[in-house]
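Trainee: Just dropping this structure here.
Numbering (this note's numbering), first residue to last: 120 to 305.
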């Protein structure tokens, strides 16, 4: 099952780099499988994150479909990033403490951090914000350690591969952003 989820996750990311709307069905299928994998590994925040991913898959799909012509690659202000950072940190502390106190969760604060960071980054992908790639790079780097600690080797390798794809995704979207700016100033 883990290999199927990994394969669908790779398809999702490669299609997202190309801004292909079919990335969203792949994400929905991968996340549905990963819910059970993460839950059985004791990564409860990661498990419930998969439910969010499924919902965001439908949201992203609808956003990209209804706004194909108008949804362009854009950036966030420093204020938006500060708000996102505070959102992630506060919810990480609350969730991590709750998991540590009331469950047998593995690495509750790291699990919570990667989960809340992924929530923000997924929203950013749906809105085509270029900084999503930077958020993902940090989150996925930490996630590699998290998955290795739970013997999810295929998933750790997937996230290592994500780091490479993220680099090319950022580069691709940056070129599109620069081209968009040229078009608007011409």
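C-beta atoms are modelled at their ideal positions from N, C-alpha and C, and glycine is treated no differently.
Am I right that residue 261 and residue 229 are in contact with their C-beta atoms under 8 Å? What's the rounded C-beta distance?
Mentor: As a working note, residue 261 is residue 142 in the chain shown. As a working note, residue 229 is residue 110 in the chain shown. Indeed they touch by this definition, with Cβ atoms about 6 Å apart.
Trainee: Would you mind reading off the limits of the alpha helix (DSSP H) that contains residue 209?
Mentor: Locating residue 209 in the chain shown gives position 90, where the first residue counts as 1. Element bounds for residue 209: 197-221.
Trainee: If you follow the alpha helix (DSSP H) that residue 251 is in, where does it begin and where does it stop?
Mentor: The residue given as residue 251 occupies position 132 in the chain shown. 251-268 is the extent of the alpha helix (DSSP H) around residue 251.
Trainee: Would you decide whether residue 303 is buried or exposed? Buried here means 16 or more other CB atoms lie within 10 Å of its CB.
Mentor: Taking the chain shown and counting its residues from 1, one reaches residue 303 at position 184. Label assigned to residue 303: exposed.
Trainee: Excluding five sequence neighbours on each side, which residues of the same chain lie with their C-beta closer than 8 Å to the C-beta of residue 122?
Mentor: The residue labelled residue 122 in the question sits at position 3 within the chain shown. Counting only Cβ-Cβ distances below 8 Å, and skipping sequence neighbours, we find 273.
Trainee: According to the Cβ coordinates, are residue 180 and residue 143 closer than 9 Å?
Mentor: Numbered from its first residue, the chain shown carries residue 180 at position 61. Numbered from its first residue, the chain shown carries residue 143 at position 24. In this structure, residue 143 lies closer than 9 Å to residue 180 by Cβ.
Trainee: Give every residue of the same chain whose Cβ lies closer than 7 Å to the Cβ of residue 239, excluding the five residues on either side of it in the sequence, and list them in chain order.
Mentor: To locate residue 239, count along the chain shown from 1; it is residue 120. Excluding sequence neighbours, residue 239 sits near 203, 206, 207 and 254.
Trainee: For the candidate residues 156, 167 and 136, whose alpha-carbon lies nearest to that of residue 248?
Mentor: The sequence position of residue 248 within the chain shown is 129, counting from 1. Ranking the options by Cα distance to residue 248, first place goes to 136.
Trainee: Between residue 243 and residue 233, what straight-line distance do the alpha-carbon atoms span, to the nearest angstrom?
Mentor: One-based indexing of the chain shown puts residue 243 at position 124. One-based indexing of the chain shown puts residue 233 at position 114. So the alpha carbons of these two residues sit roughly 15 Å apart.
Trainee: Between which residues of its own chain and residue 237 is the CB-CB distance below 7 Å, once the five residues before and five after are set aside?
Mentor: The residue labelled residue 237 in the question sits at position 118 within the chain shown. Within the same chain, residue 237 has close Cβ partners 168 and 258.
Trainee: By DSSP, does residue 248 sit in helix, in strand, or in coil?
Mentor: Numbered from its first residue, the chain shown carries residue 248 at position 129. Strand.
Trainee: Throw me the rounded Cβ distance for the residue 191 and residue 299 pair, which I believe falls under 8 Å.
Mentor: Residue mapping note: residue 191 aligns to position 72 of the chain shown, counting from 1. Residue mapping note: residue 299 aligns to position 180 of the chain shown, counting from 1. So it is a contact: roughly 5 Å between Cβ atoms.
Trainee: List the whole-angstrom C-beta distance separating residue 277 from residue 128, where the pair is believed to meet the contact cut-off of C-beta under 8 Å.
Mentor: Locating residue 277 in the chain shown gives position 158, where the first residue counts as 1. Locating residue 128 in the chain shown gives position 9, where the first residue counts as 1. Between residue 128 and residue 277 the Cβ distance is about 6 Å, and since that is below 8 Å, they are a contact.
Trainee: If you draw a straight line from the alpha carbon of residue 284 to that of residue 214, how long is it in whole angstroms?
Mentor: The residue you call residue 284 lines up with position 165 of the chain shown. The residue you call residue 214 lines up with position 95 of the chain shown. So the alpha carbons of these two residues sit roughly 30 Å apart.
Trainee: Thinking C-beta only, is residue 216 closer than 9 Å to residue 256?
Mentor: If you number the chain shown from 1, residue 256 lands on position 137. If you number the chain shown from 1, residue 216 lands on position 97. Contact flag unset, no.
Trainee: Using alpha carbons as the reference points, say which of 197, 305, 147 and 218 lies closest to residue 162.
Mentor: Here residue 162 is taken as the residue at index 43 of the chain shown, counted from 1. Ranking the options by Cα distance to residue 162, first place goes to 218.
Trainee: Taking residue 182 as part of the alpha helix (DSSP H), name the residues at either end of that continuous run.
Mentor: Here the question's residue 182 lines up with position 63 in the chain shown. Start and end: 163-185.
Trainee: Determine the contact status of residue 160 and residue 269, defining contact as a CB-CB distance below 9 Å.
Mentor: For this step, residue 160 is matched to residue 41 along the chain shown. For this step, residue 269 is matched to residue 150 along the chain shown. Yes, the Cβ-Cβ distance between residue 160 and residue 269 is below 9 Å.
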